[in-house]
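Below: the structure, in C-alpha coordinates.
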Amino acid sequence: MELIRTNYSSGAPLEEIVGYSRMVKTGPFIFIGGTTSVQPDGKVYGEGSSYEQAKYILEKQVELLGQAGATASDVVKIKAYTTDMKYAKEIGDAYSEIFHDIRPLFTMVGTTMLNRISQLVEIEMDAILGQNS
1 MELIRTNYSS
11 GAPLEEIVGY
21 SRMVKTGPFI
31 FIGGTTSVQP
41 DGKVYGEGSS
51 YEQAKYILEK
61 QVELLGQAGA
71 TASDVVKIKA
81 YTTDMKYAKE
91 IGDAYSEIFH
101 DIRPLFTMVG
111 TTMLNRISQL
121 VEIEMDAILG
131 QNS
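This is how it looks when you write it as C-alpha coordinates:
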(Lines of atoms letter the chains of each structure in order from A and count residues from 1; the text may use other names and numbers.)
(Lines give C-alpha, C1' and ligand atoms only; values in the text may rest on other atoms or scores of the structure.)
Protein backbone atom coordinates (compact mmCIF):
# COMPACT_ATOMS: atom_id res chain seq x y z
CA MET A 1 0.00 0.00 0.00
CA GLU A 2 1.40 3.38 -1.01
CA LEU A 3 0.88 6.18 1.49
CA ILE A 4 0.66 9.70 0.13
CA ARG A 5 2.72 12.31 1.96
CA THR A 6 1.48 15.86 2.32
CA ASN A 7 3.58 18.63 3.89
CA TYR A 8 1.93 21.57 5.64
CA SER A 9 3.42 24.94 6.49
CA SER A 10 2.43 27.43 9.16
CA GLY A 11 4.06 30.18 7.12
CA ALA A 12 6.93 30.72 9.55
CA PRO A 13 9.94 32.11 7.64
CA LEU A 14 12.33 29.52 9.10
CA GLU A 15 10.35 26.68 7.52
CA GLU A 16 11.50 27.81 4.07
CA ILE A 17 14.98 28.89 5.15
CA VAL A 18 15.83 25.69 7.03
CA GLY A 19 13.68 23.35 4.94
CA TYR A 20 11.15 21.77 7.28
CA SER A 21 7.41 21.33 7.50
CA ARG A 22 5.27 22.26 10.48
CA MET A 23 3.09 19.21 9.90
CA VAL A 24 3.35 16.07 7.76
CA LYS A 25 0.46 13.73 6.94
CA THR A 26 1.22 10.28 5.58
CA GLY A 27 -1.89 8.18 5.05
CA PRO A 28 -3.91 8.54 8.26
CA PHE A 29 -0.83 9.50 10.33
CA ILE A 30 -0.26 13.16 11.19
CA PHE A 31 2.87 14.53 12.85
CA ILE A 32 3.29 18.11 14.06
CA GLY A 33 6.87 19.15 14.78
CA GLY A 34 8.06 21.11 17.77
CA THR A 35 5.96 24.25 18.03
CA THR A 36 6.54 27.28 20.22
CA SER A 37 4.41 30.34 20.91
CA VAL A 38 6.09 32.54 18.32
CA GLN A 39 3.42 34.59 16.56
CA PRO A 40 3.39 35.47 12.85
CA ASP A 41 4.98 38.84 13.70
CA GLY A 42 7.93 37.02 15.29
CA LYS A 43 7.06 37.94 18.89
CA VAL A 44 6.64 35.31 21.61
CA TYR A 45 3.04 35.07 22.81
CA GLY A 46 2.51 34.81 26.56
CA GLU A 47 6.02 35.89 27.50
CA GLY A 48 6.66 34.92 31.12
CA SER A 49 3.65 32.54 31.33
CA SER A 50 4.09 28.84 30.65
CA TYR A 51 0.30 28.39 30.81
CA GLU A 52 -0.37 31.05 28.15
CA GLN A 53 2.39 29.71 25.91
CA ALA A 54 1.19 26.10 26.20
CA LYS A 55 -2.44 27.03 25.56
CA TYR A 56 -1.48 29.14 22.52
CA ILE A 57 0.66 26.31 21.11
CA LEU A 58 -1.98 23.61 21.63
CA GLU A 59 -4.71 25.75 20.08
CA LYS A 60 -2.44 26.55 17.12
CA GLN A 61 -1.70 22.85 16.64
CA VAL A 62 -5.36 21.80 16.86
CA GLU A 63 -6.17 24.47 14.26
CA LEU A 64 -3.39 23.12 12.04
CA LEU A 65 -4.82 19.58 12.37
CA GLY A 66 -7.98 20.91 10.75
CA GLN A 67 -6.04 21.53 7.53
CA ALA A 68 -5.51 17.75 7.35
CA GLY A 69 -9.13 16.97 8.19
CA ALA A 70 -8.37 16.01 11.80
CA THR A 71 -9.56 17.26 15.18
CA ALA A 72 -8.26 17.20 18.75
CA SER A 73 -10.03 13.84 19.17
CA ASP A 74 -7.62 12.32 16.63
CA VAL A 75 -4.55 13.16 18.76
CA VAL A 76 -2.79 10.10 20.18
CA LYS A 77 0.47 11.53 21.56
CA ILE A 78 1.79 14.85 22.84
CA LYS A 79 5.30 15.65 24.03
CA ALA A 80 5.94 18.94 25.83
CA TYR A 81 9.37 20.38 26.52
CA THR A 82 9.85 23.00 29.21
CA THR A 83 12.82 25.02 30.35
CA ASP A 84 11.90 24.40 33.99
CA MET A 85 9.81 21.62 35.52
CA LYS A 86 8.33 24.18 37.91
CA TYR A 87 6.04 24.99 34.95
CA ALA A 88 4.65 21.44 34.82
CA LYS A 89 1.35 22.25 36.54
CA GLU A 90 0.60 25.27 34.33
CA ILE A 91 1.43 23.33 31.16
CA GLY A 92 -0.69 20.43 32.42
CA ASP A 93 -3.58 22.81 33.10
CA ALA A 94 -3.49 24.15 29.53
CA TYR A 95 -3.24 20.59 28.16
CA SER A 96 -6.15 19.41 30.31
CA GLU A 97 -8.49 22.13 29.01
CA ILE A 98 -8.37 20.55 25.55
CA PHE A 99 -7.36 16.93 26.06
CA HIS A 100 -8.64 15.82 29.48
CA ASP A 101 -11.45 13.66 28.08
CA ILE A 102 -9.55 12.61 24.93
CA ARG A 103 -6.64 11.28 27.00
CA PRO A 104 -3.78 10.96 24.49
CA LEU A 105 -0.34 9.87 25.65
CA PHE A 106 1.40 12.82 27.31
CA THR A 107 5.09 13.23 28.08
CA MET A 108 6.76 16.29 29.60
CA VAL A 109 10.51 16.73 29.37
CA GLY A 110 12.72 19.31 31.06
CA THR A 111 15.38 20.95 28.92
CA THR A 112 17.95 23.62 29.64
CA MET A 113 16.76 25.98 26.92
CA LEU A 114 14.69 26.49 23.80
CA ASN A 115 15.40 28.68 20.77
CA ARG A 116 14.76 31.94 22.63
CA ILE A 117 15.18 32.73 26.31
CA SER A 118 11.53 33.91 26.47
CA GLN A 119 10.22 30.55 25.21
CA LEU A 120 9.23 28.35 28.14
CA VAL A 121 7.39 25.58 26.25
CA GLU A 122 7.68 23.65 22.99
CA ILE A 123 5.18 20.95 22.01
CA GLU A 124 5.07 18.10 19.47
CA MET A 125 1.84 16.33 18.53
CA ASP A 126 0.94 13.09 16.72
CA ALA A 127 -2.53 12.13 15.48
CA ILE A 128 -4.17 9.34 13.53
CA LEU A 129 -7.00 10.51 11.31
CA GLY A 130 -10.26 8.79 12.19
CA GLN A 131 -9.57 8.24 15.89
CA ASN A 132 -12.58 10.36 16.81
CA SER A 133 -15.11 7.92 15.35
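Each residue of the sequence shown is one higher than the one before, starting from 1 at the first, in the UniProt record's numbering.
The beta-carbon is built from N, C-alpha and C at its ideal position, and this holds for glycine as well.
Taking one C-beta from the segment 109-117 and one from the segment 65-77 each time, how about it: are there three or more such pairs within less than 8 Å? The segment 109-117 is not in contact with the segment 65-77.
Would you kindly work out how many angstroms separate the C-alpha atoms of Y20 and Y45, rounded to a whole number? Just so you know, the alpha carbons of Y20 and Y45 end up roughly 22 Å apart.
From S133 to S37, what distance separates their C-alpha atoms? With a pLDDT of only 49 at S133, under 50, the local geometry of the prediction cannot be trusted, and the value read off the model is given with reservation. Straight-line measurement puts the Cα of S37 at about 30 Å from the Cα of S133.
Shortest alpha-carbon distance to P40 belongs to which of T6, E15, Y87? Nearest neighbour of P40 by Cα position, chosen from T6, E15, Y87, turns out to be E15.
In angstroms with no decimal places, state the Cα-to-Cα distance between Q119 and E47. Cα to Cα, Q119 sits roughly 7 Å from E47.
Label E122 either buried or exposed according to how many other C-beta atoms from any shown protein chain fall within 10 Å of its C-beta, with 16 as the threshold for buried. Within a 10 Å sphere around the beta-carbon of E122 sit 16 or more other beta-carbons, which makes this residue buried.
For the structure I just gave you, are there three or more beta carbon pairs, one from the segment 2-9 and one from the segment 24-35, closer than 8 Å? With the cut-off at 8 Å, the segment 2-9 and the segment 24-35 touch.
In chain order, each alpha helix (DSSP H) run of at least 4 residues that lies wholly inside the segment 24-88: List check, alpha helix (DSSP H) in window: 50-67.
Roughly how far, in whole angstroms, is the beta-carbon of F31 from the beta-carbon of D93, given that I think they are within contact range, below 8 Å? The Cβ separation is near 25 Å, so there is no contact.
R5 lies in the beta strand (DSSP E); which residues open and close that run? Run containing R5: 5-8, per the beta strand (DSSP E) assignment.
Judging by CA-CA distance, which residue of E63, Q67, I78 is the nearest neighbour of Y95? Selected option, being the one with the closest Cα: I78.
Output the distance between the C-alpha atoms of E59 and Y87, rounded to the nearest integer angstrom. Straight-line Cα distance between these residues: approximately 18 Å.
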